[in-house]
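For the protein sequence lines, the chains are G and F, in the order given.
The numbering of the first sequence is the numbering used here, which starts it at 1 and goes up by one.
The numbering of the second sequence is the numbering used here, which starts it at 109 and goes up by one.
Heads up: the structure comes next, in structure tokens.
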Amino acid sequence: MRGNDPRTGRVQRLAELGRANLAFEFDGRAVSGLAGDTVLTAVLATFPDLRAAEFGPERRAGFCLMGACQDCWLWQEDGPRVRACSTPLRTGMRLRSTPPDGWPGALQ
Amino acid sequence: MTHVLIVGAGPAGIRAAETLVAAGLCPTVVDEGSRAGGQIYRRPPEGFARPPRTLYGSEADKATRLHDVFDGLVRDRRIAYHPETSVLGLHDGLAQVLGPAGVTSLPYDHLIIATGATDRLAPVPGWQVAGVYSLGAAQIALKAQGVALGRRLVLAGSGPLLTLVAAQLLDAGAEVAAVLDTAPWHAQLWGGMRMALARPFVTLRGLRLRARLGSHYRAGVTLTAIESDGTGPNAIIWRDARGRVQRTECDTVALGWHLRAETVLADLAGARFAWSDTWAQWLPETDETGRAGAGLYLAGDGMSLRGADGAEIGGRLAARACLADLGYPTDTVAQRHDLRRARRMHRFAKGVAKAFPWPSHMVRALPDDTVLCRCEGITASELRAALHMSGCEANRAKSLSRVGMGRCQGRYCQAAGSEVMAAACGAHPAQMGRLRAQPPTRPVTLAALAARTDTQD
Ligand code: FES
Numbered sequence: 001m002r003g004n005d006p007r008t009g010r011v012q013r014l015a016e017l018g019r020a021n022l023a024f025e026f027d028g029r030a031v032s033g034l035a036g037d038t039v040l041t042a043v044l045a046t047f048p049d050l051r052a053a054e055f056g057p058e059r060r061a062g063f064c065l066m067g068a069c070q071d072c073w074l075w076q077e078d079g080p081r082v083r084a085c086s087t088p089l090r091t092g093m094r095l096r097s098t099p100p101d102g103w104p105g106a107l108q
Numbered sequence: 109m110t111h112v113l114i115v116g117a118g119p120a121g122i123r124a125a126e127t128l129v130a131a132g133l134c135p136t137v138v139d140e141g142s143r144a145g146g147q148i149y150r151r152p153p154e155g156f157a158r159p160p161r162t163l164y165g166s167e168a169d170k171a172t173r174l175h176d177v178f179d180g181l182v183r184d185r186r187i188a189y190h191p192e193t194s195v196l197g198l199h200d201g202l203a204q205v206l207g208p209a210g211v212t213s214l215p216y217d218h219l220i221i222a223t224g225a226t227d228r229l230a231p232v233p234g235w236q237v238a239g240v241y242s243l244g245a246a247q248i249a250l251k252a253q254g255v256a257l258g259r260r261l262v263l264a265g266s267g268p269l270l271t272l273v274a275a276q277l278l279d280a281g282a283e284v285a286a287v288l289d290t291a292p293w294h295a296q297l298w299g300g301m302r303m304a305l306a307r308p309f310v311t312l313r314g315l316r317l318r319a320r321l322g323s324h325y326r327a328g329v330t331l332t333a334i335e336s337d338g339t340g341p342n343a344i345i346w347r348d349a350r351g352r353v354q355r356t357e358c359d360t361v362a363l364g365w366h367l368r369a370e371t372v373l374a375d376l377a378g379a380r381f382a383w384s385d386t387w388a389q390w391l392p393e394t395d396e397t398g399r400a401g402a403g404l405y406l407a408g409d410g411m412s413l414r415g416a417d418g419a420e421i422g423g424r425l426a427a428r429a430c431l432a433d434l435g436y437p438t439d440t441v442a443q444r445h446d447l448r449r450a451r452r453m454h455r456f457a458k459g460v461a462k463a464f465p466w467p468s469h470m471v472r473a474l475p476d477d478t479v480l481c482r483c484e485g486i487t488a489s490e491l492r493a494a495l496h497m498s499g500c501e502a503n504r505a506k507s508l509s510r511v512g513m514g515r516c517q518g519r520y521c522q523a524a525g526s527e528v529m530a531a532a533c534g535a536h537p538a539q540m541g542r543l544r545a546q547p548p549t550r551p552v553t554l555a556a557l558a559a560r561t562d563t564q565d
């Protein structure tokens, strides 16, 4: 399955393609999303998942997309954690799949 | 000064606000969405181009009317509106809310809770991998973002949403490999007859949607496992109605078994609950108008799973009950009329529940190594093992096994957890008790709580 290719994104854009590009960073890599994307959409348009699971070997890519499951939290280089499914993408965001150094209680 | 607080701006919350404003009140409306509409009438962000007909299909006019009503209330400053805001807890006439400005308190003396529903999930072995979503997620992704959550999707579970999301994805050009319904044909026929008696046109519309799925759609299946490689699903294994094992390749699976009422705030507000055999879940107890206690009213799917039309009616009923309790004259003719319509919605909803039942046999038979709690990777065997010490009670079993204690706060594991416990205890899920809600209802940092800026005017 192509969607499982670690080099490509998971989500597939089907509509609303005429939006402006927004540049952001994910794990240090410069990528772009579209204006109006949530952080989750923008990251998963380029990457297969969001982060590692804390309690198992799997990866995480969100589950409910309505702010109810808390599966989709990501970190930022600076600033608070974001719930990817309900946070709009902003130009210049520097997102991380792992906590930055010095994050209190960082898991690893 | 009267403070009425409405939580939720879906169909129920919007109609409740409209009704209160028409009587001269200025309610406060708190909603987690950035634009009002709720889930089923969810609006894409500003600047998206698809017309309502594409987004909401046959329900486009209803969606547009609701959005217009609410936008009018906001524009004319008839309500105090707090979007992107979650209620974390309720205490002594104060709602602690988390919004863009941090944590604040909003005072209320009357509370209308219209928090809707989430998908009801049953675990399928392997569902913990990235690329397994709820059915609602697949719909939100398409409606609010214009994306499919994968390149080849399997939708599985049961309920009206299963057929609806599949048809919407196919229309949008997504590749749907299979639509697997665990509801057997005989249940669908039996429930479908009740649905048709209560709401013939709506039932017919559902059948037409179903017909569009063609051979993608299979009824009476049993889901066996989701196979995956390192990064996500690559197939789902299932048995068809005749027991033959099938394998469908896919890179994404969306699961859901109709709905689960979102009742955390009703619980914190002191509503009483009763087990509903119809819905195989705990639901708050209310009178016919949604009154659940002194100054407490529930409306929409968070009170009773009657769908979007039922939610609009429920919003008006609850608001009029609130107005009556406040001593305002209310339109008793309209109230009687809405009560009649609500009963019809209820009859239809009971048909839906019969047609698309919770797959209790499948859940009871889950293999020991199946992950029950997706948040923390806790397996069925860990819950089964905890029962020796906890006994057959949901809250004690939660403390010992942690099933229900993860970051979703039991929203996606409670139904399966009590089913697995009940099977092990030789009892009915209702006898396992109900997981009590715990504030805060959403994650919040201690820093935000410490920096709260209370506005208790
Ligand atoms: S995906 Fe569930 S909270 Fe974001």
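Beta carbons are placed, not taken as given, at the ideal position from N, Cα and C, and that holds for glycine.
Put simply, the CB of F:R519 is near chain G, with a gap under 8 angstroms to one of its CB atoms. Proximity of G:L74 to chain F, defined by a Cβ-Cβ separation below 8 angstroms, is not satisfied. Setting aside the 5 residues that flank it on each side, F:L480 is surrounded in the same chain by P231, I486, T487, A488, L491, V511, C521, A524, G525 and V528, each with a C-beta closer than 7 angstroms to its C-beta; the list follows chain order. As the crow flies, the alpha-carbon of F:G132 is around 19 angstroms from that of F:A120. Interface annotation for the segment 74 to 95 of chain G against chain F: P80, R81, R83, C85, S86 and P88, criterion Cβ-Cβ distance under 9 angstroms.
Residues of chain G whose Cβ lies closer than 7 angstroms to the Cβ of F:S242 are, in chain order, F63 and C64. Within 8 angstroms of the CB of G:G67, the CB atoms of chain F belong to E140, S194 and R550, in sequence order along the chain. The residue from F:G514, F:P233, F:R504 and F:W383 with its alpha-carbon nearest to that of F:L474 is F:P233. Relative to the ligand FES, even the nearest heavy atom lies 7 angstroms or more away from the CB of G:S97. Per DSSP, F:S489 is one residue of the alpha helix (DSSP H) stretching across A488 to S498. Not one beta carbon of chain F lies nearer than 8 angstroms to the beta carbon of G:G102. F:G146 has its alpha-carbon roughly 21 angstroms from the corresponding atom of F:L376.
Those residues having their beta-carbon less than 7 angstroms away from any non-hydrogen atom of the ligand FES are, in chain order, G:L40, G:G62, G:F63, G:C64, G:L65, G:M66, G:G67, G:A68, G:C69, G:Q70, G:D71, G:C72, G:R83, G:A84, G:C85, G:S86 and F:A245.
The count of Cβ pairs closer than 8 angstroms, one atom from the segment 396 to 408 of chain F and one from the segment 546 to 554 of chain F, stays below three, leaving the stretches out of contact.
DSSP places F:S384 within a strand segment (E or B) once states are collapsed to three.
In the three-state scheme derived from DSSP, where H, G and I count as helix and E and B as strand, F:W466 is classed as coil. Between G:L95 and F:E335, the alpha-carbon positions lie close to 30 angstroms from each other. If you compare the alpha carbons of G:E77, G:N21 and G:L65 with that of G:G28, the shortest gap goes to G:E77. If you draw a straight line from the Cα of F:S509 to the Cα of F:A280, it comes to about 42 angstroms. Residue burial is scored here from C-beta neighbours: F:Q236 has at least 16 other C-beta atoms within 10 angstroms and is therefore classed as buried. Among the residues facing chain G, F:E484 is included, as its CB has a counterpart in that chain under 8 angstroms away. In chain order, S242, L243, G244 and G364 place their CB closer than 6 angstroms to the CB of F:D227, counting only its own chain and leaving out the 5 sequence neighbours on each side. Look at the segment 256 to 276 of chain F: the residues with a C-beta under 7 angstroms from a C-beta of chain G are A256, L257, G258, R259 and R260. Under DSSP, the beta-bridge partners assigned to F:D227 are F:L367. Secondary structure of F:W390 (DSSP, three-state): strand. The beta carbon of G:D49 falls within 8 angstroms of a beta carbon belonging to chain F, placing the residue at that interface. For F:Q204, no Cβ of chain G is located within less than 8 angstroms of the residue's own Cβ. Closest by C-alpha distance to F:R186, out of F:T127, F:A379 and F:G155, is F:T127. One alpha carbon belongs to G:F24, the other to G:T87, and they sit about 14 angstroms apart. The continuous stretches of alpha helix (DSSP H) do not include F:D289, which lies in the beta strand (DSSP E) extending over residues V284 to D289. Taking a Cβ-Cβ threshold of 9 angstroms, the residues of chain G close to F:P153 are A35, G36, D37, T38 and P88, in chain order. Counting only unbroken stretches of 4 or more residues, the alpha helix (DSSP H) elements lying wholly within the segment 23 to 76 of chain G are 39 to 44, in sequence order. When rounded, the separation of the alpha-carbon atoms in F:L297 and G:V43 is 43 angstroms.
Using a CB distance cut-off of 8 angstroms, G:T46 does not count as an interface residue toward chain F. Any Cβ of chain G closer than 8 angstroms to the Cβ of F:A280 would place that residue at the interface, and such an atom is present.
Taking the C-beta atoms as reference points, F:L278 is found no nearer than 8 angstroms to F:V329.
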